[in-house]
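Reading through the structure tokens given below for one structure.
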Amino acid sequence: MTPIQSLISKSLKQRHSDVCERLLALPTSSDFANKLNRHFQSPNLSARWDIPETWLNSQQSCLLSLQALALDESIELSAGVPEMPRDEFYEILILAARNPEQRFVLLTTEYSFPLNFLHPSEEKIREHVLERLMVQDRAVIERKSFGAVESDDLFLRLNLIAIQAAISTDLRFIDALNYYYELLPSSWYPASQHPWLLNSFLALYAKALTPAFVNR
Amino acid sequence: MRVGILANSYLSAFTIYRQLHDLPDCDLYIVLSPLPHRSPIISVLANFARMIIGSLSPMSWQLSSVPFNRRVIFLPHTIDHPGSVAQLKKLQFDVGLHKSGGIYRKETITAFRLGILNPHIGLLPEYRGRSVMEWSLLKNDPVGISVFFIDTGIDTGEQIIIKEQVDVSHYTSISEAKEFLFNLDATFFRKALKVLNSAEPGFQLNDGSGHRYYVMSKLFQGVVQEILERRL
Chain A
1 MTPIQSLISK SLKQRHSDVC ERLLALPTSS DFANKLNRHF QSPNLSARWD IPETWLNSQQ
61 SCLLSLQALA LDESIELSAG VPEMPRDEFY EILILAARNP EQRFVLLTTE YSFPLNFLHP
121 SEEKIREHVL ERLMVQDRAV IERKSFGAVE SDDLFLRLNL IAIQAAISTD LRFIDALNYY
181 YELLPSSWYP ASQHPWLLNS FLALYAKALT PAFVNR
Chain B
1001 MRVGILANSY LSAFTIYRQL HDLPDCDLYI VLSPLPHRSP IISVLANFAR MIIGSLSPMS
1061 WQLSSVPFNR RVIFLPHTID HPGSVAQLKK LQFDVGLHKS GGIYRKETIT AFRLGILNPH
1121 IGLLPEYRGR SVMEWSLLKN DPVGISVFFI DTGIDTGEQI IIKEQVDVSH YTSISEAKEF
1181 LFNLDATFFR KALKVLNSAE PGFQLNDGSG HRYYVMSKLF QGVVQEILER RL
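Protein sequence lines, in the order shown, are assigned to chains A and B.
Each residue of the first sequence is one higher than the one before, counting from 1 in this note's numbering.
Each residue of the second sequence is one higher than the one before, counting from 1001 in this note's numbering.
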């Protein structure tokens, strides 16, 4: 490991313990949040993900699949195809940029198995999701507050970016998570339909920071 | 070549003017426009005041006469306003030098025969976007400046006129290193204008092969700070 890589690794490891502490301090008002807290008392640090070679469909919804990933639980999968051609999905996603509710539906429909987000065919979509988070959404949150953005839509996308950050050597993705973690007020919790997406975001972020992933 | 320095503040434009005014074959102007959220009247008055005060400070007569020999143009609207674009077209500039905030619209860019030059503090095509000096250091890549003709995208303009590595290893803080790079804008504008005025001006292609970078987290900024302090 080079000296710079060593510094990066050290900083991410320090962040990992902060993130776990913050996750465990979050409200556990839902079954999932309760389960996640118990899981993170002794998380499975050896769990790894692989980039899917083919498109896979989950037998459960995207949101339940995200919960399963955060809990290191298995997901029942079958071979499948994307809902639509990738260029078409990309264009529709861009058009939905100002409609967070529509974007939420688009992403949860497309990624019933969230690890499909890692598929090579999704590169343009990953870049678009990253850009929206780090430019437009970031500007709104910094100018106003987290309350000014639709939190389910925001945290769904942060969950997806965390999945990418966990397997990618491209530091831009983990740093987007670093940035949002620093932006997040310590006592804030979403008042939305799926507030647990914040819990799963922190869990997946912690996963991306674990040594098994960091020493990639 | 008619060149317009595009700025919101007279003082920032004048720092460029002062370093370029002696370029041969270069007819240099300062074009001032108000910031988008600022009253145009206040902007004009503030710049006028700075201009008059600047002309009183001890310097060569040529430079102190800048405000008075029609080298300063005030645009009453923001740079992208149709009125401003019409005025820029009438002025028939060959090149604009970017020294203001914001992103230009296509109509503004095409008001300049060749375009508007931007001295980006990252080596293109790899490093587009924000915090590019920091990202270069974090990835142990060379730091440098690329002067290219702007398009409507973020550091995607296809024609790179010059790009050079710049050594920042003698700085031990991010802010000092960045300030050093930003203060090289006039030096790099000068080099770029010389290339454009040369017998065979060429450019390197900004082929979009790099990445767009974003504002860096405090965590990674801390790493970059340590890289500078330890001269890694």
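In this text, a Cβ means the ideal position worked out from N, Cα and C, and glycines have one as well.
All values derive from a computational prediction rather than experimental measurement.
Helix, strand or coil at residue i [DSSP, three-state]
i: A/Pro52; result: coil
i: B/Glu1107; result: helix
i: A/Lys13; result: helix
i: B/Arg1018; result: helix
i: B/Val1166; result: coil
i: A/Ser151; result: helix
i: B/Asp1027; result: strand
i: B/Ser1043; result: helix
i: B/Tyr1214; result: coil
i: B/Asn1197; result: helix
i: B/Val1147; result: strand
i: A/Asn159; result: helix
i: B/Asn1183; result: coil
i: B/Gly1153; result: coil
i: A/Arg216; result: Summary for A/Arg216: the model assigns pLDDT 46, below 50, so the residue's position carries little reliability, and this model does not support an answer.
i: B/Arg1002; result: strand
i: B/Ser1175; result: helix
i: A/Ala25; result: coil
i: A/Ser58; result: strand
i: B/Ile1053; result: helix
i: A/Leu197; result: helix
Minimum Cβ-Cβ distance from residue i to chain A less than 8 Å
i: B/Ile1227; result: yes
i: B/His1211; result: yes
i: B/Leu1124; result: no
i: B/Leu1232; result: yes
i: B/Arg1050; result: no
Cutoff 8 Å: residue i Cβ touching any chain B Cβ
i: A/Arg143; result: no
i: A/Glu122; result: no
i: A/Tyr179; result: yes
i: A/Arg103; result: no
i: A/Arg22; result: no
i: A/Arg157; result: no
i: A/Glu91; result: no
i: A/Arg216; result: Here A/Arg216 scores only 46 on pLDDT, less than 50, and its place in the model should not be relied on; the value that follows carries that caveat. Closer than 8 Å: no.
i: A/Lys207; result: no
i: A/Met1; result: no
Candidates the options: closest to residue i by CA position
i: B/Leu1023; options: B/Phe1220, B/Ile1162, B/Ala1186, B/Leu1045; result: B/Ala1186
i: A/Tyr205; options: A/Leu197, A/Ala176, A/Ala162; result: A/Ala162
i: B/Asp1151; options: B/Ile1103, B/Pro1125, B/Ile1227, B/Glu1229; result: B/Ile1103
i: B/Lys1218; options: A/Thr169, A/Tyr179, A/Leu64; result: A/Tyr179
i: B/Pro1201; options: B/Val1166, B/Ser1033, B/Ile1161, B/Gln1165; result: B/Ile1161
i: A/Val81; options: A/Pro3, A/Ile75, A/Pro52, A/Gln136; result: A/Pro52
i: B/Glu943; options: B/Glu1164, B/Glu1176, B/Asn1118, B/Asn1140; result: Because chain B is modelled from 1001 through 1232, residue 943 of chain B falls outside the range shown and cannot be assessed.
i: B/Phe1188; options: B/Leu1035, B/Ile1053, B/Leu1205, B/Tyr1017; result: B/Tyr1017
i: B/Thr1015; options: B/Gln1221, B/Arg1002, B/Ser1100; result: B/Ser1100
i: A/Ser61; options: A/Tyr90, A/Arg38, A/Phe104, A/Arg86; result: A/Phe104
i: B/Ala1086; options: B/His1098, B/Ser1039, B/Thr1110; result: B/Thr1110
i: B/His1098; options: B/His1021, B/His1211, B/Arg1231, B/Leu1032; result: B/Leu1032
i: B/Gln1204; options: B/Ser1009, B/Val1132, B/Phe1148, B/Leu1020; result: B/Phe1148
i: A/Asn37; options: A/Leu156, A/Asn199, A/Lys207; result: A/Asn199
i: B/Arg1070; options: B/Phe1093, B/Leu1028, B/Ile1079; result: B/Leu1028
i: A/Gln193; options: A/Pro3, A/Val19, A/Ser30; result: A/Ser30
i: A/Ser145; options: A/Ile125, A/Trp188, A/Leu106, A/Pro120; result: A/Trp188
i: B/Ile1005; options: B/Ile1030, B/Glu1164, B/Asp1094; result: B/Ile1030
i: B/His1120; options: B/Asp1080, B/Asp1025, B/Thr1108, B/Met1133; result: B/Met1133
Cross-chain neighbours of residue i in chain A, by beta carbon under 7 Å
i: B/Ser1146; result: Ordered by position in chain A, no residue passes the 7 Å Cβ test against B/Ser1146, which lies about 19 Å from the chain.
Under 9 Å from the C-beta of residue i: neighbouring residues of chain B
i: A/Ala176; result: Tyr1214, Ser1217
Partners in chain B for residue i, counting only beta-carbon separations shorter than 8 Å
i: A/Met134; result: Tyr1214, Val1215
i: A/Arg15; result: Leu1219
i: A/Glu234; result: Residue 234 of chain A lies beyond the residue range present for chain A, which begins at 1 and ends at 216; the question has no answer from this structure.
Contact list for residue i against chain A, beta-carbon separation under 8 Å
i: B/Gly1222; result: Ser11
i: B/Leu1138; result: Ile4, Ile8, Leu171
Partner residues on chain B for residue i, Cβ-Cβ distance less than 7 Å
i: A/Glu131; result: Arg1212
C-beta neighbour in chain E for residue i, strict 8 Å
i: A/Glu21; result: This model lacks chain E altogether; the protein chains it does include are A and B.
Residue i beta carbon near the ligand ZN (any heavy atom closer than 7 Å)
i: B/Lys1163; result: Absence of the ligand ZN from the depicted structure is noted, as is the absence of any ligand whatsoever, leaving it without description.
Curious, which full-length alpha helix (DSSP H) runs of at least 4 residues does the region 1068 to 1136 of chain B contain?
1082 to 1091, 1106 to 1109
Give, in chain order, every unbroken run of the beta strand (DSSP E) that is at least 3 residues long and sits entirely within the region 163 to 193 of chain A.
none
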